[in-house]
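Undergrad:
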Amino acid sequence: MKGHRNWHQFIECLKPTFARTQTPNEGLEPLEARPSNRSDTAYLDGLRGIAAFIVFILHLWMPFDRTTVLGFGPGLSYGIFNLPILRVVRSGKAMVRIFFVISGYVLTLSPARHYLDSSGEHYNKLGKALIKRPFRLFLPPIATTLLAMLLFRLGAFQTAEEMEALPAHLPAQTILLRKTFFDQLVDWAGFVAHKLTNPWGWVEDLFVDPDASYYGAHLWTIQTEFRCSIITLTTLQSLFVLRSISMRYFLSCSLILFCVVWLRWDVALFLAGMTLCLLDVERNARTIDRNYLGDTARITDSAHLRPSRENSRSRFWYEFAPWGLLVLGLWAVSYPDEKAGRALGFGLASKLCDSVDFWQSVGALAVVWSVGRLRPLKGMLSTKWLQYLGALSYSLYLVHYPFLETVGWRLTQLLREYFSSAAVQAGVGRSLGILAGNVIAFIFSTLTLLWASDYTWRALDKPCLRLLRWLDSVL
């Protein structure tokens, strides 16, 4: 009986969260904000979850389709998902830019709210955030890369030659085999020390060596997040010293422009998210004050009940301008990574500025800004399933690449070959068979990855968050 109960508990533990007894959003960890303010920032979790999933989509198909980085047009691709805006589902690089804007926003949120309530608690929040940030960013990927190293030694990973033999023939960045297990462990430690946790080197220098081992080629974002987080928090501390609000925004915008001039788009996006958060927090505070004063005035002045033409124009701008900006933002986010000047919908933009960094960064900021002002989208992004995806986002991002190197790409190649061969024999065309293989591989890979991400979230990410809460209580 006891053995049966233990076996049942083991099976229950392996089930993903949505298949267990609790609801999918039970136990979701909030953004770094006070619990009372959780609901008005929940949409950022949903947006972050979608962005992480799109990164997975890009990495799943890149070894099989070189057109993932191209737009729509002759000599490029005629695929429907290469069209402007629709190409968002292939814009994994732009999704990372959205991560950076959200991170800058979230890091600023709690200190900014405490700054406005004049409690003096904002400096305490900034200090704690500086201490907690390396634990939050580094502990989970250190664990997942160690697991990747062990799986590699067991032969679970594809070799670099196997990856480069896939249809797109892209150069592989993966783990290199060392002579002994100890040598492999030293190699992994070198990756952690010199690449994963190194905030002093730019990604252009750290993740380009073809002869180096990469225990996660996608993890360049981690050291970037850490560096930009420290810059954002220290900048925020300086801005709080300024009494003048206009001077505060002038300085923050000047710093953003400075970063853009030096092509540090990662830092610029963090600081842009910080500035956007400061604007939102102060706007919300003014709205609360204005609503209170407006209610008081309406008691004594019935004229306020008659909406003026000026108020109508203002309301039109407030309600419809974000939709227009969202469309423009999605268009900019879908700017092709290569050969944009030849792609439908981007020819003029590439003549004005041929930098993919510029257009995708502007698009990322526009998307985050507009979504935060559109109630229907905020409500959609706050639904329980997108909140669940948001809770998994960090774990999903960490494990999706090792999953692809061990299971995803092998399975996709196998299914594509099987169904294309079957389609040729059935006389329906090889391309239809490849499409069928792609669809089945995508469904199976997605479900398997969600299970792996869910387990990583429960076994690794949530304990890490509990550690951060403990640190917060003792600091």
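At position 417 of the sequence shown (counting the first as 1) the number is 417 in my numbering, and the numbers step up by one without a gap. Virtual Cβ for every residue (Gly too), placed ideally from N, Cα, C. Note that the coordinates shown come from a computational prediction; the quantities given were computed from them, not determined experimentally.
If we count the other Cβ atoms within 10 Å of its Cβ and call it buried at 16 or more, is PHE181 buried or exposed?
TA: With fewer than 16 Cβ atoms within 10 Å of its Cβ, PHE181 is classed as exposed.
Undergrad: My assumption, with CB atoms under 8 Å, is that THR197 sits in contact with PHE135. Please give the rounded CB distance.
TA: The pair is not a contact, with the Cβ atoms about 12 Å apart (cut-off 8 Å).
Undergrad: Should THR41 and LEU109 be called a contact, given that it needs their Cβ atoms to be closer than 8 Å?
TA: Yes.
Undergrad: Using the beta-carbon count (16 or more within 10 Å), is CYS253 buried or exposed?
TA: CYS253 is exposed by the Cβ-count criterion.
Undergrad: Whole angstroms are fine: how far does the CA of TYR401 sit from the CA of HIS218?
TA: Cα to Cα, HIS218 sits roughly 7 Å from TYR401.
Undergrad: Does DSSP put GLY71 in a helix, a strand or coil?
TA: Here GLY71 sits in coil by DSSP.
Undergrad: May I ask you to verify whether the region 86 to 106 touches the region 364 to 376, counting CB pairs closer than 8 Å and requiring at least 3?
TA: Touching, yes.
Undergrad: Among all the DSSP beta bridges, which residues are the ones paired with SER77?
TA: In the DSSP output, where bridge partners are listed per residue, SER77 has GLY73.
Undergrad: Out of LEU83, PHE72, PHE346, VAL96, which one is the CA nearest neighbour of ALA51?
TA: For ALA51, the nearest C-alpha among the options comes from VAL96.
Undergrad: With respect to the alpha helix (DSSP H) encompassing VAL474, which residues constitute its N-terminal and C-terminal limits?
TA: 462 to 474 is the span of the alpha helix (DSSP H), which, as asked, contains VAL474.
Undergrad: Which ranges would you report for the alpha helix (DSSP H) in the region 219 to 243 if only whole runs of at least 4 residues count?
TA: If we require 4 residues or more, the alpha helix (DSSP H) runs fully inside the region 219 to 243 come out as 220 to 239.
Undergrad: Curious, which full-length alpha helix (DSSP H) runs of at least 4 residues does the region 178 to 224 contain?
TA: DSSP runs (the alpha helix (DSSP H)) wholly in the region 178 to 224: 181 to 191, 203 to 206.
Undergrad: Have a look at CYS277 and LEU146 and give me their C-alpha separation to the nearest angstrom.
TA: In a straight line, the C-alpha of CYS277 is about 36 Å away from that of LEU146.
Undergrad: Measure the C-alpha to C-alpha separation of THR234 and LEU130 and round it to an integer number of angstroms.
TA: THR234 and LEU130: Cα-Cα distance of roughly 9 Å.
Undergrad: Candidates ALA340, LEU449, GLU204: which alpha carbon is nearest THR221's?
TA: It is GLU204.
Undergrad: Return the chain-ordered list of same chain residues with a C-beta closer than 8 Å to the C-beta of LEU86, the five sequence neighbours on each side being excluded.
TA: These residues qualify, in order along the chain: ILE80, SER334.
Undergrad: What is the DSSP secondary structure of GLY62, counted as helix, strand or coil?
TA: According to the sequence provided, residue 62 is Met. The question's Gly does not apply to it. Of the three classes helix, strand and coil, the one that applies to MET62 here is coil, per DSSP.
Undergrad: What do you get for GLU405, buried or exposed, if any count of 16 or more other CB atoms within 10 angstroms of its CB means buried?
TA: Buried: at least 16 other Cβ atoms inside 10 Å.
Undergrad: Which same chain residues end up closer than 8 Å to VAL399 when comparing Cβ atoms and leaving out the 5 residues on each side of it in sequence?
TA: Correct list, in chain order: THR144, LEU449, ALA452, SER453, THR456.
Undergrad: In the DSSP assignment, find the unbroken alpha helix (DSSP H) run with PHE145 in it and report its ends.
TA: Note that residue 145 corresponds to Thr in the displayed sequence, not to Phe. THR145 -> alpha helix (DSSP H) spans 122 to 153.
Undergrad: Looking at the structure shown, is THR300 part of a helix, part of a strand, or coil, going by DSSP?
TA: Low per-residue confidence applies at THR300: pLDDT is 46, beneath 50, and the placement is therefore not dependable enough to give any value.
Undergrad: Can you give me the Cβ contacts of PRO476 inside the same chain, cut-off strictly under 7 Å, excluding the 5 residues immediately before and after it?
TA: Here the chain has residues from 1 to 475 only, and residue 476 is not among them.
Undergrad: Measure the CB-CB distance between LEU116 and THR232 and report whether it falls below 8 Å.
TA: Against a cut-off of 8 Å, the Cβ pair of THR232 and LEU116 comes out as no contact.
Undergrad: Please report the Cβ distance between GLU338 and LEU70, rounded to the nearest whole angstrom; I am assuming they are in contact, meaning their Cβ atoms lie under 8 Å.
TA: About 6 Å; that satisfies the 8 Å criterion.
Undergrad: Within 10 Å of its beta-carbon, does VAL439 have 16 or more other beta-carbons around it, so buried, or fewer, so exposed?
TA: It counts as exposed.
Undergrad: In whole angstroms, what is the alpha-carbon distance linking MET380 and ARG48?
TA: The alpha-carbon atoms of MET380 and ARG48 are separated by roughly 13 Å.
Undergrad: Report all residues from its chain with a CB closer than 6 Å to the CB of HIS114; omit the five preceding and five following residues, and keep chain order.
TA: Correct list, in chain order: GLU121, HIS122, LYS125.
Undergrad: DSSP three-state label for THR17, please.
TA: The answer is helix: DSSP assigns THR17 an H, G or I state.
Undergrad: Out of GLY427, LEU460, ALA340, PHE346, which one is the CA nearest neighbour of VAL395?
TA: For clarity, residue 395 is Ser in the given sequence; the question names Val instead. Of the listed residues, the one whose Cα sits closest to SER395 is LEU460.
Undergrad: Please say whether CYS259 and LEU271 have beta carbons closer to each other than 8 Å?
TA: It is a contact, given that the beta carbons lie within the stated cut-off.
Undergrad: Quick check on the burial criterion: 16 or more other C-beta atoms within 10 angstroms. Buried or exposed for GLY347?
TA: By the neighbour-count rule (16 or more Cβ atoms within 10 Å), GLY347 is not buried but exposed.
Undergrad: Could you compute how far the alpha carbon of THR67 sits from the alpha carbon of SER77?
TA: Answer to the nearest angstrom: the Cα atoms are 6 Å apart.
Undergrad: Classify PRO35 as buried or exposed, calling it buried when 16 or more other Cβ atoms lie within 10 Å of its own Cβ.
TA: Reliability of the predicted coordinates at PRO35 is poor, the pLDDT of 39 falling under 50, and no value is obtained from them.
Undergrad: Near LEU236, which residues of its chain fall below 7 Å by C-beta distance, leaving aside the five closest residues on each side in sequence?
TA: Closer than 7 Å at Cβ, skipping near neighbours: THR108, PRO111, LEU126, MET274.
Undergrad: Using the rule of at least 16 other Cβ atoms within 10 Å of the residue's Cβ for burial, across every protein chain shown, is ARG227 buried or exposed?
TA: It counts as buried.
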